[in-house]
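Here the structure is laid out as structure tokens; the discussion comes afterwards.
Numbering (the UniProt record's numbering), first residue to last: 1 to 453.
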């Protein structure tokens, strides 16, 4: 049994993990940087340790400092949350070598699925459909142009390593590809230390739908249905919901079965997510696998009644999954809106001092918060300040509840993306479930609207 856990993260996900640790009788240890000295998650923990300057390379990405805290606090586990070291296979291996449970999959699996080219190959071997694209990395713009002529424009240029939309760009011509290749490869090298690029066919009117997985160390694996994550800006998710408003039960079952097969083929053990692109005919194709807890996991928890963090911990403790696929049911509809400290017109971060902060409350409303009143949002981290989740008996009720809650959401001192969220939720195409990955571009960033802003 895990007795003490270091949460190697910050913000709302750190607070979220701390809550479940307390429910499980586990002592929670927080780590914090200079910028996070007064952050809410720090005071929630049973113990907290300062790990350095605000820059992530000197604090949250410094594996040696995290391991030092685990040693000092006599912790027997580390939960990485999402981002930072969560998909760093070397860090998982370092934990194992030190006799500390890493609450996540093995380092080998993390490394395989973190390399998008290797992940494609693994999925093909597992029989999971992949988007047509290059078999390996493309080394130059010239090579990319040749490959694109075989694939057919438009294509998605992608960094092999990393995520969050970094190093990713849609291109529709050779000229655009020439310009995009060098800039995206350079950006990927800067962020991930790996500038390798590959390409996939860009699917028209596609949706981004993912399957939540759980798997233990005994070969058991289940899925917790799907999440629709198509509402994005700059390839970053903004609104997520469960279940998808469009999937047929037949496709839902096929996608779930494919994801479970992939997990078993990999020998996966923990929570994880298989992301798919789904076309207009409901053909689905592997996009990537996230070997960690997802930002949007609350919507799945709301419709299944399961605590995914708790299940991660149980699996790390060596327990078998406490249920089978047939016993997992879904109830109602949940939608999550990510609240960002950003200009809703430009999507640029809006750091600053929060002079007033009053999130909405209600029995069908759930808040996961990074900030509080009198908190400084710094430019050092992702501008997510909170997640707002509404659970309804059906999608229509969930939308209405989320709209009402957003109207009551008060944040003074900085700009937020709440106007964007309200506009999306109130759009007739969103109400109809026409939520493709081009939604924001098509209905929010129209030429007419751009000229007005």
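We put the CB at the ideal spot given by N, CA and C, even for glycine.
- One Cα belongs to residue 316, the other to residue 38, and the distance between them is close to 31 Å.
- Listed in chain order, the non-local C-beta contacts of residue 115 below 7 Å within the same chain comprise 160, 161, local neighbours out to five positions each way being set aside.
- Contact check for residue 273 and residue 294: beta-carbon distance about 5 Å, within the 8 Å limit, so the pair qualifies.
- In this structure, residue 402 places its C-beta atom within 8 Å of the C-beta atom of residue 337.
- Within the DSSP secondary-structure output, residue 94 pairs in no beta bridge.
- The alpha-carbon separation between residue 5 and residue 16 amounts to approximately 13 Å.
- A direct Cα-Cα distance of roughly 8 Å separates residue 183 from residue 167.
- The beta-bridge partner set that DSSP reports for residue 5 consists of 28, 77.
- By the 16-neighbour rule on beta-carbons within 10 angstroms, residue 98 is exposed.
- Within its own chain, the residues whose Cβ lies closer than 8 Å to the Cβ of residue 85, once the five positions on either side in sequence are excluded, are 8, 60, 61, 63, 66, 91, listed in chain order.
- Apart from the 5 residues on each side of it in sequence, residue 101 sits with its Cβ closer than 8 Å to the Cβ of 2, 76, 77, 78, 95, 316, 317 in its chain, given in chain order.
- Judged by their CB atoms, residue 73 and residue 34 are not nearer to each other than the 8 Å cut-off.
- Look at residue 168 here: in three-state DSSP terms it is coil, with no helix or strand label.
- Note that the C-beta distance between residue 291 and residue 110 is below 8 Å.
- Cα atoms of residue 31 and residue 249: separation of roughly 43 Å, rounded to the nearest angstrom.
- Pairing residue 81 with residue 373, the inter-Cα distance amounts to about 24 Å.
- Between the alpha carbons of residue 262 and residue 242 lies a distance of about 21 Å.
- Annotation for residue 290: the continuous beta strand (DSSP E) segment containing it runs 284 to 290.
- Within the same chain, and ignoring the five residues on either side of residue 205 in sequence, the residues whose Cβ sits closer than 8 Å to its Cβ are 279, 280, 436, 438.
- When DSSP states are grouped into helix, strand and coil, residue 210 belongs to the strand group.
- In the DSSP assignment, residue 107 falls within the unbroken alpha helix (DSSP H) covering 107 to 114.
- Partner residues in the beta bridge of residue 369, as assigned by DSSP, are 386.
- Per DSSP, reduced to three states, the secondary structure at residue 274 is strand.
- With a 10 Å radius around the Cβ and a threshold of 16 neighbouring Cβ atoms, residue 334 comes out buried.
- Non-local C-beta neighbours of residue 52 in its own chain, meaning closer than 8 Å and more than five positions away in sequence, comprise 33, 34, 58, 59, 62, 65, ordered along the chain.
- The shortest CA-to-CA distance from residue 406 to any of 420, 19, 264, 105 is the one to 420.
- Residue state for residue 185 is assigned as helix, using DSSP reduced to three classes.
- Within a 10 Å sphere around the beta-carbon of residue 207 sit 16 or more other beta-carbons, which makes this residue buried.
- One Cα belongs to residue 302, the other to residue 19, and the distance between them is close to 16 Å.
- CA-CA distance, residue 310 to residue 393, rounds to 25 Å.
- For residue 430, the enclosing alpha helix (DSSP H) covers residues 428 to 431.
- About 18 Å separates the beta carbon of residue 379 from that of residue 344, a gap too long to meet the 8 Å contact definition.
- Burial check for residue 181: the Cβ neighbour count within 10 Å reaches 16 or more, so the residue is buried.
- Nearest C-alpha to residue 68 among 49, 269, 56, 54: 49.
- Rounded to whole angstroms, residue 366 and residue 177 show a C-alpha spacing of 43 Å.
- With contacts defined as CB atoms closer than 8 Å, residue 444 and residue 429 fail to qualify as a contacting pair.
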